[in-house]
Structures are given as C-alpha cells and as structure tokens.
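For what it's worth, full-length UniProt numbering labels the leading residue of the sequence shown as 1, then goes sequentially. Glycine included, every Cβ here is placed at the ideal spot set by N, Cα and C. Please read all numbers here as calculations on a predicted model, not as lab measurements. Below: one structure, written as structure tokens.
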Amino acid sequence: MGAGPPADFWPPDKHVLNVRFLNGTEDQQRTVISLVKKHYHSIPMRIRFKFLSEWDSSPSDIRISFADESKAYIGRQAERHPGQPTMWLNMHPRRLTGDDARKKVQADVLHEFGHALGLIHEQKHPHCTSRWNYSRLMERHQWEYDVVRRNYAASTASAANAEWDRPYDPKSIMHYPIVKGDTQNMGTEVPENYVLSDGDKEALAQIYPSTAVVKQDFTVRKEEKKKKKEKKPKESTKKDKKHKQQEVTLVSGNRFALVGGGYVQVSSGGASVTICGSGNVVTSISIRL
C-alpha cells in the first residue's frame with residue numbers, strides 16, 4: 001500500500017531528488033539506477049530521481065553507501081544528516097547466489113527507495129493482525145529487541161503519525177517477508193515482494209501528484225523553444241560575418257573541403273559541379289577543365 005508520516009514527505013515544490021553514490025563499483029551503481037528508473041519512474045508522480053555523476057557538485061538529497069546491510073532514513077529525515085550517508089545498500093546478500101541474489105538485491109533497492117520517498121513498513125499497518133514473536137525475530141535478524149520493535153510494532157511513533165488511508169497490503173514492497181515462526185499466530189506467512197504493488201504505486205501517485213511536473217516541464221520546454229527561435233537569426237548572422245570567402249580552383253575528378261564545413265567536387269569530364277556545405281559557407285569557385 002505505502003504510507004508514512006506526512007511530515008516526512010517531500011514538499012510540493014520538490015520535483016527532483018538528487019542522489020549521490022559515496023562508494024561502490026560501476027556495476028553496483030548501474031544496477032541501482034536501472035532498478036529505480038524502471039520501477040519508480042514509471043509511476044505518474046511528480047518526484048523523479050537524478051543520479052549525480054562524481055564530478056557533479058550539485059547538492060544531494062540522498063547519499064548512498066554500499067554496506068553489509070540495507071536501510072534508509074524516511075523521506076525528509078535525510079535533511080537532518082547533511083554530508084552523511086542517508087541510505088545503505090547490501091548488494092551481496094549472504095548465503096544467496098544467482099537469481100536468488102538478484103531478486104533479493106532488487107527487493108532491497110526498491111524497499112529502501114520507498115523509505116527515501118517517505119514510506120514506512122507495511123507490517124506496521126493497524127490492520128495487520130500478526131502477533132509478533134519478538135524472540136524469534138531477534139534470533140532471525142540478529143537484532144536487539146528495540147530494533148525489532150521499531151521495524152515491526154504498530155505502536156511506534158512513525159506508525160502512529162502515518163496516514164493509513166488505504167487497506168493493509170501484504171504485497172507492498174514495504175512489507176517484510178513473514179516466515180513460519182515469526183508470529184504467534186502460526187498460520188501467518190507473507191512471501192518476499194520483489195516489485196512495487198499496485199497499492200504502492202497508487203499511494204505514491206496520491207502523495208506526489210504529477211500535475212505539477214507536467215505543467216513545469218511544459219513551461220520549460222516552451223521557454224527554451226522560444227529562446228532558440230529568437231537567437232537563431234543572430235547566431236546565423238554572426239557566423240556569416242565570421243567565415244571568410246574561400247577561393248577554390250577545381251580540376252575534373254578532384255574534391256576539395258570548404259572552410260566552415262562541406263565540400264566541392266567536379267565529376268569526371270567536368271560535366272557537373274557538386275557543392276555541399278552549410279548555409280554559412282560562402283565560396284567563390286573558378287573551374288579549370
């Protein structure tokens with residue numbers, strides 16, 4: 001479904017989240033970029049992610065560090081940690097290989113970027129009826145009690161402040177997998193989700209409506225187009241003045257390049273002359289057959 005505290009959602013005038021990689025290989029970075037663009041940029045919402053190159057000095061909203069675990073700050077909470085990592089990704093899941101590892105990486109990346117957009121864990125939904133077996137979860141995750149409770153309990157502050165205006169969605173990318181023994185009501189099991197659910201997409205489209213993006217993009221394109229039309233005659237005039245005339249003597253069968261681009265060629269026997277060049281090329285041609 002996708003839900004979170006409104007205070008952590010990015011503001012209405014925020015259309016692009018700049019993402020910077022703090023480490024990692026090119027392959028790891030390409031994997032993250034590909035997954036995010038494929039799954040999140042297909043949603044009709046105003047927020048888009050821009051991945052900064054290492055030489056781009058633009059300020060970043062999200063900073064990724066590749067590590068041994070996957071976690072992220074919720075939405076605008078990242079603003080409280082300037083210059084520090086705000087998301088950690090584990091690209092080599094333990095004990096997994098091949099397709100299982102690939103799917104786990106995809107699940108983690110999509111889940112953590114959901115957090116970056118302000119979403120919290122779906123298993124904390126008030127309509128989730130699971131009664132957690134905390135000792136079992138502590139053992140399975142190798143977490144302290146407080147960490148388990150923070151990630152599962154519906155009574156935490158983040159869950160209490162969230163807007164749960166959609167039904168509980170066990171297919172949400174924000175839902176942890178539930179395996180046998182995780183709950184006291186033993187029949188509850190939820191498989192790991194590897195893609196965003198329809199509920200996730202609908203929630204994000206509602207949180208970040210796309211109308212502002214469409215309007216802004218149209219305005220920018222319109223202004224750029226207008227500027228190009230206004231500048232084109234001026235640029236053409238400058239180029240015409242800048243290029244000097246080039247005098248070329250042609251012999252049948254020869255071909256000569258022109259200053260400013262293009263060429264002049266005389267066909268065999270001097271029967272015809274071919275001139276190819278831009279509108280800014282000015283030539284004076286003398287033909288000697």
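Opening and closing residue of the alpha helix (DSSP H) in which residue i lies
{"i": "F9", "result": "Here F9 belongs to no alpha helix (DSSP H), and DSSP marks it neither H nor E."}
{"i": "V32", "result": "E26 to H39"}
{"i": "L137", "result": "Y134 to H141"}
Residue i: first and last residue of the uninterrupted beta strand (DSSP E) it sits in
{"i": "N185", "result": "Taken as a continuous stretch (DSSP letters only), N185 belongs to no beta strand (DSSP E), as it is neither H nor E."}
{"i": "R63", "result": "I62 to F66"}
{"i": "L89", "result": "M87 to L89"}
Within 7 angstroms, strictly: CB atoms of residue i and residue j
{"i": "H130", "j": "T188", "result": "Rather than His, the amino acid found at residue 130 in this sequence is Ser. Yes, Cβ-Cβ distance for S130 and T188 is below 7 angstroms."}
{"i": "V16", "j": "K71", "result": "no"}
{"i": "S60", "j": "R20", "result": "yes"}
{"i": "L35", "j": "Q142", "result": "no"}
Contacting residues, own chain, Cβ-Cβ under 6 angstroms from residue i (five flanking each side not counted)
{"i": "I173", "result": "L110, H111, G114, N193, L196 and D200"}
{"i": "V32", "result": "V109"}
{"i": "Y168", "result": "H125, H127 and C128"}
{"i": "P93", "result": "A101 and K104"}
{"i": "Y73", "result": "T86"}
Residues of its chain near residue i, where Cβ-Cβ distance is below 8 angstroms and the 5 sequence neighbours each way are ignored
{"i": "E26", "result": "none"}
{"i": "Y145", "result": "Y134 and M138"}
Where residue i sits in the DSSP three-state scheme
{"i": "M45", "result": "strand"}
{"i": "K201", "result": "helix"}
{"i": "L17", "result": "strand"}
{"i": "I74", "result": "coil"}
{"i": "K110", "result": "Rather than Lys, the amino acid found at residue 110 in this sequence is Leu. If DSSP states are grouped into helix, strand and coil, L110 belongs with the helices."}
{"i": "I207", "result": "helix"}
{"i": "K104", "result": "helix"}
{"i": "K124", "result": "helix"}
Neighbourhood of residue i by C-beta distance below 7 angstroms, restricted to the same chain and skipping five residues each side
{"i": "P191", "result": "P177"}
{"i": "N23", "result": "S65 and F66"}
Check whether the stretch 60 to 70 touches the stretch 83 to 103, counting contact only when three or more Cβ pairs, one atom from each stretch, lie closer than 8 angstroms. Yes, the stretch 60 to 70 is in contact with the stretch 83 to 103.
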